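Here the structure is laid out as structure tokens; the discussion comes afterwards.
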Amino acid sequence: MERPIAIVLSPSRDAMSGVSTHLNLMVASQLSRDFALIHFQVGSEGRRETPLARLWRLLAGPLLLALRILASDADVVHINTSLNRRAWWRDLGHLLAAKACGARVVYQVHGGALPQRFARLARVPEALLRRVLELPDAVVVLASCEFSAYRSFLPGQNVLAVPNAIDVRPFRPELRPRRQAGDPLRLVSIGRLAPEKGLAEALEGLAMARRRGVEATLAIAGSGPLEAELRRQAARLGLGDAVRFVGPVFDAAKAALLQSADALVLPSHFEGLPYALLEGMAAGLPVITTRVGAIPDVVEHGVHGFFVAIRSPRGICRAIERLARDRALVAVMGLAGRRRVLQRHSLDRLADEFAQLYRSVCARPAAPAGA
644 MERPIAIVLS PSRDAMSGVS THLNLMVASQ LSRDFALIHF QVGSEGRRET PLARLWRLLA
704 GPLLLALRIL ASDADVVHIN TSLNRRAWWR DLGHLLAAKA CGARVVYQVH GGALPQRFAR
764 LARVPEALLR RVLELPDAVV VLASCEFSAY RSFLPGQNVL AVPNAIDVRP FRPELRPRRQ
824 AGDPLRLVSI GRLAPEKGLA EALEGLAMAR RRGVEATLAI AGSGPLEAEL RRQAARLGLG
884 DAVRFVGPVF DAAKAALLQS ADALVLPSHF EGLPYALLEG MAAGLPVITT RVGAIPDVVE
944 HGVHGFFVAI RSPRGICRAI ERLARDRALV AVMGLAGRRR VLQRHSLDRL ADEFAQLYRS
1004 VCARPAAPAG A
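For the sequence shown, position 309 (counting from the first letter as 1) is numbered 952 according to the working numbering, and the numbering increases by one without interruption.
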């Protein structure tokens, strides 16, 4: 019996993107044995394109998706998006194309503003936003706060909370080198080098901690538009010997980098549920992070790490100092974090929930976009 077909929208599978990681994990899971997963690339990550090529991609994307749906006779179209201006307008065309082709649509939101706030920020009438978000057969969010907000905004819609998950097998905290008394606290950050990730504040906080006599270093993995400015900032702050820019890391290199660290720094301004957080916790690292997106659903302050205020170098400094002064606390928090990921964020759980969701939407008659 042939497997049902699901077309999944994401950036390049090689891009350092949370959504790309999401797709790669889905392909590696049991879900790909129950459904034939076809990748349809969207977004700018992983592309080198001129402004004209980008305009053509945005205009032609919905038509190309429609042709892919019709050619493959796809049962489900899984749109991975975010509630920000660029992603919403881009994926509106993809959503309308999928519905016009009669496909069932799973619309997964990876962070961004909550719908009521997005309507104001993007100057989109609430009635239009509500009508668009009622078109998919299911809306999937990551965080409990998002679930409540979307259920309130879309009382008749099928809204589900499906937190991200990871394959924990590559992350082996027991292989971490034994630290000696007086060793510096090794911090690590993994992700896109963009302003919203809070890395400028992380560098400021690290510089403050070192001025207070704390021995700490930071390895920054990733690439993005802020890289050159972050390098200049590190030099201005006198962090040349304390900060390493290691570039994008994947698979075994990522696991090795986390295994070499003592704590993860993720002071984002906004998030969905970052894979870097789950991977760092699976590797046994306490986290220094912010109360944004689904992070509070995963991290408990003082148990798995420390929450700091958004854009607070001083808060980051205090958290670094606390971990550097108490290595026993580092070990206890790291163990608690790994236990949390093992219990709640396994890949088998994710595959099972999406398989059930795909089957449930396939069982319903599809409605066209104009219905």
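From the three backbone atoms N, C-alpha and C, an ideal C-beta is built for every residue, glycine too.
In this text the structure is predicted, and so the values were computed from the model without any measurement.
Per-residue DSSP class, three states only, for residue i
i     : result
A1014 : Here the model assigns A1014 a pLDDT of 46, short of 50, so the residue's position is not dependable, and the following value carries that caveat. Three-state result, A1014: coil.
Q751  : strand
R794  : helix
R983  : helix
R829  : strand
I931  : strand
G958  : helix
V942  : coil
R862  : Reading off the sequence, residue 862 comes out as Ala, not Arg. If DSSP states are grouped into helix, strand and coil, A862 belongs with the strands.
V782  : strand
G936  : coil
G841  : coil
S1003 : helix
R787  : Checking the sequence, you will find Ser at residue 787 rather than Arg. Three-state DSSP puts S787 in a helix.
G948  : strand
Integer Cβ distance of residue i from residue j, believed to fall under 8 Å
i    : j    : result
V651 : H682 : 6 Å
L785 : A937 : 4 Å
I722 : Y750 : 5 Å
P929 : V857 : About 15 Å; that fails the 8 Å criterion.
A904 : L873 : That belief does not hold up - the Cβ atoms of A904 and L873 are roughly 18 Å apart, past 8 Å.
A906 : L846 : Wrong, their Cβ atoms sit about 15 Å apart, outside the cutoff.
T933 : P917 : Not quite, the Cβ-Cβ distance comes to about 11 Å (not below 8 Å), so this is no contact.
E835 : M659 : First, the amino acid is wrong: residue 835 is Arg here, not Glu. Their Cβ separation, rounded to whole angstroms, is 6 Å, which keeps R835 and M659 in contact under 8 Å.
D716 : R747 : Actually they do not touch by this definition, with Cβ atoms about 13 Å apart.
S653 : L990 : Rounded, the Cβ-Cβ distance is 17 Å, inconsistent with contact.
H912 : V942 : Not confirmed; about 16 Å, so no contact.
F823 : F796 : The question names Phe, but residue 823 is Gln in the sequence shown. That pair is no contact at about 54 Å.
V811 : L985 : 6 Å
L708 : H737 : 5 Å
Of the residues the options, the one placed nearest residue i, counting alpha carbons only
i     : options                 : result
P705  : L698, S791, M669, A740  : A740
A864  : L993, G848, A837, V782  : A837
A808  : L668, I963, T693, L674  : L668
A877  : F796, G799, A850        : A850
F814  : L972, R981, A926, A1006 : A926
S725  : G915, E870, R835, A709  : G915
G686  : R819, A671, D657        : D657
A1017 : I648, L738, G890, R829  : In the structure as shown, the chain starts at 644 and stops at 1014, and residue 1017 therefore has no counterpart that could be examined.
E922  : E645, T664, F950, S655  : T664
P820  : G945, T860, G948, A899  : A899
A994  : P806, E688, L764        : P806
H944  : R855, A743, Q800, G980  : G980
L803  : P827, R812, Y793        : Y793
R982  : R992, M924, R954        : M924
P827  : G841, L861, F950        : L861
E817  : G977, L707, L772        : G977
D894  : F790, A709, Q902        : Q902
S675  : P868, R646, R774        : R646
P868  : A998, E688, Q800, L695  : E688
S832  : V889, R774, P694        : V889
Q684  : V662, F678, L698        : V662
R774  : Q800, G755, V752, L880  : Q800
A952  : R855, I931, L701, R766  : I931
heavy atom of the ligand ATP below 8 Å from residue i C-beta
i    : result
R992 : This structure lacks the ligand ATP; in fact it carries no ligand of any kind.
C-beta neighbour in chain D for residue i, strict 9 Å
i    : result
A967 : Of the protein chains in this structure there is only one, and it is not chain D.
Practice prompt. Identify every run of the beta strand (DSSP E) within the segment 800-826, keeping only runs that are complete inside it and at least 3 residues long; order them along the chain.
Written response: 802-804
Worksheet item: Enumerated in chain order, which unbroken segments of the alpha helix (DSSP H) with a length of 4 residues or greater are wholly contained in the segment 878-918?
Response: 894-902
Practice prompt. Could you tell me which uninterrupted alpha helix (DSSP H) segments, each at least 4 residues in length, are contained entirely in the segment 690-749, listed from first to last along the chain?
Written response: 694-715, 728-743
Fill in: alpha helix (DSSP H) segments (min. 4 residues) lying fully within the segment 646-681
661-671, 674-677
Item to complete: Specify whether the segment 998-1007 and the segment 775-783 touch according to this definition: at least 3 beta carbon pairs, one from each stretch, less than 8 Å apart.
Response: yes
Discussion item. Three or more C-beta pairs under 8 Å: does that hold for the segment 850-860 against the segment 956-964?
Written reply: yes
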